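Under our numbering, the first residue of the sequence shown carries the number 1237, and numbering increases by one thereafter. Even glycine gets a Cβ: it sits at the ideal position worked out from N, Cα and C. Predicted model only: the values in this text are computed from it and were never measured. Take a look at the structure set out below.
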Amino acid sequence: MTNKERMLMAVRGEMPDVLPYAPRYDLWYNANRYLGTLPPKHRDRTANEIARAEGWALHKVTPDFLAEGRLEDTIHRGIGLFSLRENGYQIRMSPKVEVVSRQEGSARYVDYHTPVGSVGVKEVITDEMRRAGVSVTWLQQRAIKRVEDYRVLAYIFENTDVVPAYDRYAEYQSEVGEDGIACMMGTSGASPMQHIQRDLLDATDFFLEYRDHQKEMRHLAEAITPMLERMLSVVARSPAEMVEWGANFDDMVTYAPYFEKEIEPWLLKAGATLRAQGKVMLCHTDGENLGLLDLIRRSEIDVAEAVCPFPMTKVPLDEYYRRWGDRTTIFGGIPQSLLLADTASEQDFKDFMDGFFQAIAPGRRFIVGIADTTPPNAEFDRLVRLGERVAREGRLPLTSTGFYREAPAPAAAALRFVPDEAFEDVQQDVMDGDQNAIRDHVRTLLDQGVNAHDILHKGVIPAMDVVGQQFKNAELFIPDVLLAARAMSEAIRLLEPHLSTGERSARGKVLIGTVRGDLHDIGKNLVASMLRGAGLEIQDLGANVATDAFVRAVAENKPDVLALSSLLTTTMPEMREVIEAVKAAGLRDTVRIVVGGAPVNAKFASDIGADGYAGDASDAVSLVQKLLAG
Ligand code: B1M
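Structure below.
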């Protein structure tokens, strides 16, 4: 049986002889090839040759956008469109849209000029990013920067066509052959709104814009719709067996009510269209999916790829299999942290694998893969041993001898809102994230002679505490918190001149940033907003911040606290470097350093000499306040 046959059987819900094993290792391969550190026996091999030599199925879902000769095919990357052979289509823009691009060092600027205005994007790929193995450029400047840009983008999408390019796809398909499934890349944004969210706006700005500019955004989504429908019809009629439609589902980023409203209807429609043409729909569901388990199931996704279980997320593998396994093929299941010697000991690796086959018994609808991809510093040997265990112990059907795992701890009891009659309006404004209303209500209270200190401490801050707690308990979502924090900052701005000098000078100063090599900034921005909302002065250095930039900023701005964020196991060591560099600059005694981010924990924080660790944004506020008080 070929690996392709095994994968197709898994996708159809049939039982192949053995579990297919299709590890993704593009990041690992790109980085190690670039650095000349591929294992000796694979030194001169391509990524496909390595899989073939090891007997693994090819993981053919995410294209290498940076491979040689792809500059022209990725010209519209800044507006989320590609014309790669993996797409099976090409993007054609009407001559009414003039596209001008220029390369400057590591940056490419692409400008779109239309009769209704112009927009531009800037994408970057540095040597450092290549060393880290990245396969797609970083969008440093997004297309939507001002409210007028919605209209321009609507014009661009209305003048964009999608034309079949099945011959080019066929080349790719024949290159993959019987060693895997050549997944066609339909789109990563499953719906017009997710397209806007993923590709056109800064990740954090999206949440604010979704509330502030609903009308403009909805109009743009409507303008994207015909193009997406055309794309769907082109990929549905293509020779592909599997089509990717939608990526990066995560219960914070694509939070449940948003997913239900903006994404689910499109997944249902795309899935039905593809299945009617004998194809299956794959979604890259790489994030934290605890809050989306039922919705994803209901969305009738055929293949959920990059499924990332506990300990990297909150969903244990057996839970995924129990909730989805009868309908959706799970592609993934091995958290990438398992491949890192620093994160998972040999015993952890063994324990996980010992439980693995029982967790997914009888093994129907399962393709073993890495979620999301093999990190550059992974133990390659573990990838090999994983393959060996799958070949040996993954014979189907698997038998379960009663899989046991510890139940996750129940969520903390929700903090209920107890309005204070005198401050009910401002409290409600914080809860509603209404910065206009809070401005009026704070002014009214001040005019009535109410003490500014009381407005802040009896009105605004208790409401924000509730917001933080409800976010922790997944009763509120990121936009609610960002908007609440923004309303709170507005209140503080008005109250500040009326607060006592002592109270004003007590405001601490926090410098925050995501460390070098790491572009994740949604969590860091949330922490910054909550800290700002709590009345602290924030200087945000952004993402991918070099060590010396942190040191310089500490020296120049003299913050009380330096807060570092990291979302990648590969960038966690940067935190230690920053602390060491601050020390070397003789500044360590002047500043408290706190760390956070999904893979970071309290032990790591103490190992690297940080002054504290916070697991989420509201903990970050308590931690910083505690440090300032102490
Ligand atoms: Co990426 N990504 N990503 N990604 N991404 C993760 C983090 C990942 C876990 C996905 C997975 O494998 N399942 C994985 C990391 C694995 C690992 O190393 N542990 C991963 C990977 C591998 C990658 C790429 C390498 C993918 C690739 O190229 N193959 C690539 C790396 C790019 C780079 O950084 N060099 C990449 C890219 C991206 C996108 C650009 C597509 C996008 C980022 C958009 C952006 O941030 N502007 C993205 C996203 C969205 C995610 C997931 C799905 C969601 C992250 C997020 O924003 N969560 C994520 C999956 C996951 O985390 N389960 C994933 C919501 C946010 C509110 O939570 O950031 O955890 P979080 O912040 C929390 C806390 O951690 C804490 O408070 C916040 C609020 O409560 N916190 C702090 C954060 N910082 C703090 C600082 C503090 C205190 C608390 O200071 C004191």
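Could you work out which residue in S1337, P1598, E1477 and E1394 is closest to L1632 when comparing CA atoms only? Translated into the one-based positions of the sequence shown, residue 1632 becomes position 396. Among S1337, P1598, E1477 and E1394, the Cα nearest to that of L1632 is on P1598.
Enclosing alpha helix (DSSP H) for P1715 [first to last residue]: Within the sequence shown, numbered from 1, the residue matching residue 1715 stands at position 479. From DSSP, the alpha helix (DSSP H) with P1715 extends over I1714 to L1731.
Can you tell me which of the three DSSP states A1799 falls into? Your numbering for residue 1799 matches position 563 in the sequence shown. Looking at A1799 - three-state DSSP - the assignment turns out to be strand.
Can V1831 and L1800 be called in contact, C-beta distance under 8 Å? The residue labelled residue 1831 in the question sits at position 595 within the sequence shown. The residue labelled residue 1800 in the question sits at position 564 within the sequence shown. Against a cut-off of 8 Å, the Cβ pair of L1800 and V1831 comes out as a contact.
If the criterion is Cβ atoms closer than 8 Å, does the pair L1730 and R1679 meet it? Your numbering for residue 1730 matches position 494 in the sequence shown. Your numbering for residue 1679 matches position 443 in the sequence shown. Yes, these two residues count as a Cβ contact at 8 Å.
Suppose only complete runs of 4+ residues qualify. What are the alpha helix (DSSP H) ranges in the segment 1453-1524, listed by chain order? 1500-1512
Can you tell me the Cα-Cα spacing of R1434 and G1425, whole angstroms? One-based indexing of the sequence shown puts residue 1434 at position 198. One-based indexing of the sequence shown puts residue 1425 at position 189. Computed Cα separation, rounded: 6 Å.
For I1570 and V1604, believed in contact at Cβ under 8 Å, the rounded distance: Walking along the sequence shown from the start, residue 1604 turns up at place 368. Walking along the sequence shown from the start, residue 1570 turns up at place 334. That belief holds up - the Cβ atoms of V1604 and I1570 are roughly 7 Å apart, short of 8 Å.
Could you pull out every residue in the same chain whose Cβ sits closer than 8 Å to the Cβ of H1677, ignoring the five residues on either side in sequence? Residue mapping note: residue 1677 aligns to position 441 of the sequence shown, counting from 1. For H1677, where only same-chain residues beyond five positions count, the Cβ hits under 8 Å are D1661, V1662 and D1665.
Beta carbon of D1630 nearer than 8 Å to that of V1254: Within the sequence shown, numbered from 1, the residue matching residue 1630 stands at position 394. Within the sequence shown, numbered from 1, the residue matching residue 1254 stands at position 18. Going by the sequence as given, residue 1630 is Gly instead of Asp. Yes, Cβ-Cβ distance for G1630 and V1254 is below 8 Å.
For V1551, report the span of its beta strand (DSSP E) as first-last. What you label residue 1551 is simply residue 315 of the sequence shown in a count that begins at 1. Note, V1551: premise wrong, no beta strand (DSSP E); not H, not E.
Nearest candidate by alpha-carbon position, reference A1785, set W1560, G1416 and V1818: Here residue 1785 refers to the residue found at position 549 of the sequence shown. Taking only the C-alpha atoms, the option nearest A1785 is V1818.
Start-to-end residues for the beta strand (DSSP E) that takes in E1414: Position 178 of the sequence shown, counted from the start, is the residue given in the question as residue 1414. E1414 -> no beta strand (DSSP E), and no H or E assigned at all.
Beta-carbon gap between Q1572 and T1521 smaller than 8 Å: For the purposes of this step, residue 1572 is taken as residue 336 along the sequence shown, with counting starting at 1. For the purposes of this step, residue 1521 is taken as residue 285 along the sequence shown, with counting starting at 1. No, these two residues do not count as a Cβ contact at 8 Å.
Identify whether P1633 lies in helix, strand or coil by the three-state DSSP scheme. For this step, residue 1633 is matched to residue 397 along the sequence shown. Of the three classes helix, strand and coil, the one that applies to P1633 here is coil, per DSSP.
Three-state class that DSSP yields for R1828 in the structure shown: One-based indexing of the sequence shown puts residue 1828 at position 592. Here R1828 sits in strand by DSSP.
Note down the Cα distance separating R1533 from P1299, rounded to an integer number of angstroms. By one-based count along the sequence shown, residue 1533 stands at place 297. By one-based count along the sequence shown, residue 1299 stands at place 63. Taking the straight line from one Cα to the other gives about 26 Å.
Mind checking whether P1612 and W1264 have CB atoms under 8 Å apart? What you label residue 1612 is simply residue 376 of the sequence shown in a count that begins at 1. What you label residue 1264 is simply residue 28 of the sequence shown in a count that begins at 1. A contact, by the Cβ cut-off of 8 Å.
Cutoff 6 Å; reference T1807; Cβ partners in own chain excluding five residues on either side: Counting from one through the sequence shown, the residue named residue 1807 turns up at place 571. So the qualifying residues of the chain are V1751, G1753 and D1754.
By how many angstroms is the C-alpha of K1745 removed from the C-alpha of A1792? Here residue 1792 refers to the residue found at position 556 of the sequence shown. Here residue 1745 refers to the residue found at position 509 of the sequence shown. Looking at the sequence shown, residue 1792 is not Ala but Glu. Going by the C-alpha atoms only, they are around 12 Å apart.
Could you have a look at R1344 and say whether DSSP puts it in helix, strand or coil? Within the sequence shown, residue 1344 is the residue found at index 108, counting from 1. In this structure, R1344 counts as strand in the three-state DSSP scheme.
Alpha carbon of G1314 to alpha carbon of V1357, nearest angstrom: Working through the sequence shown from its first residue, we reach residue 1314 at position 78. Working through the sequence shown from its first residue, we reach residue 1357 at position 121. For G1314 and V1357, the distance between alpha carbons rounds to 6 Å.
For Q1572, is the beta carbon positioned less than 7 Å from some heavy atom of the ligand B1M? Here residue 1572 refers to the residue found at position 336 when the sequence shown is read from its first residue. Result yes, Cβ under 7 Å from the ligand B1M.
Spatial neighbours of L1531 within its chain, please: C-beta separation below 8 Å, excluding the five flanking residues on both sides. Start at 1 with the first residue of the sequence shown, and residue 1531 comes out as number 295. Here L1531 has A1492, F1495, E1496 and E1500 as same chain residues with Cβ atoms under 8 Å from its own Cβ, once five neighbours each way along the sequence are excluded.
Among residues of its own chain, excluding the 5 on either side of V1857, which ones have a beta-carbon nearer than 7 Å to its beta-carbon? On the sequence shown, residue 1857 is found 621 positions in, with the first residue counted as 1. Excluding sequence neighbours, V1857 sits near G1704, M1766, L1767 and A1770.
Close-in-space but distant-in-sequence residues of the same chain around H1546 (CB under 6 Å, 5 per side omitted): Locating residue 1546 in the sequence shown gives position 310, where the first residue counts as 1. The displayed chain sequence assigns Phe, not His, to residue 1546. If we look at F1546 and ignore the five residues flanking it on each side, its Cβ neighbours are P1552.
M1587 beta carbon near the ligand B1M (any heavy atom closer than 7 Å): Position 351 of the sequence shown, counting from 1, holds the residue named residue 1587. First, the residue type needs correcting, since residue 1587 is Asp and not Met in the sequence shown. Because no heavy atom of the ligand B1M lies under 7 Å away, the Cβ of D1587 does not count as near it: no.
May I ask whether a heavy atom of the ligand B1M can be found less than 7 Å away from the beta carbon of N1484? The residue you call residue 1484 lines up with position 248 of the sequence shown. Checking the Cβ of N1484 against the ligand B1M gives yes.
Once DSSP output is grouped into helix, strand and coil, what is the label at P1252? Stepping through the sequence shown from its first residue, residue 1252 is reached at position 16. Three-state DSSP puts P1252 in coil, outside helix and strand.
Sort out for me which residues DSSP pairs L1375 with in a bridge. Working through the sequence shown from its first residue, we reach residue 1375 at position 139. BP columns for L1375 point to E1359.
Any heavy atom of the ligand B1M closer than 7 Å to the beta-carbon of P1611? Against the sequence shown, residue 1611 aligns to sequence position 375. Correct: P1611 has its Cβ closer than 7 Å to the ligand B1M.
Assuming A1459 and M1429 form a contact by the criterion Cβ under 8 Å, report the distance between their Cβ atoms to the nearest whole angstrom. Here residue 1459 refers to the residue found at position 223 when the sequence shown is read from its first residue. Here residue 1429 refers to the residue found at position 193 when the sequence shown is read from its first residue. Actually they are not in contact, since the Cβ atoms of A1459 and M1429 sit about 12 Å apart, beyond 8 Å.
Can you find the residues in the same chain that come closer than 7 Å, C-beta to C-beta, to S1330, ignoring five residues on each side of it along the sequence? As a first step, residue 1330 must be located in the sequence shown, where it is residue number 94. The beta carbon of S1330 is closer than 7 Å to those of N1395 in its chain, skipping five residues each way along the sequence.
Going by the C-beta, is C1419 closer than 7 Å to any heavy atom of the ligand ZN? Absence of the ligand ZN from the depicted structure is noted, with the ligand B1M being the only ligands included.
What first and last residue would you give for the beta strand (DSSP E) that runs through Q1326? Here residue 1326 refers to the residue found at position 90 when the sequence shown is read from its first residue. From DSSP, the beta strand (DSSP E) with Q1326 extends over Y1325 to M1329.
Per DSSP, what kind of secondary structure is M1420 in: helix, strand or coil? Taking the first residue of the sequence shown as position 1, residue 1420 is located at position 184. It is a strand residue.
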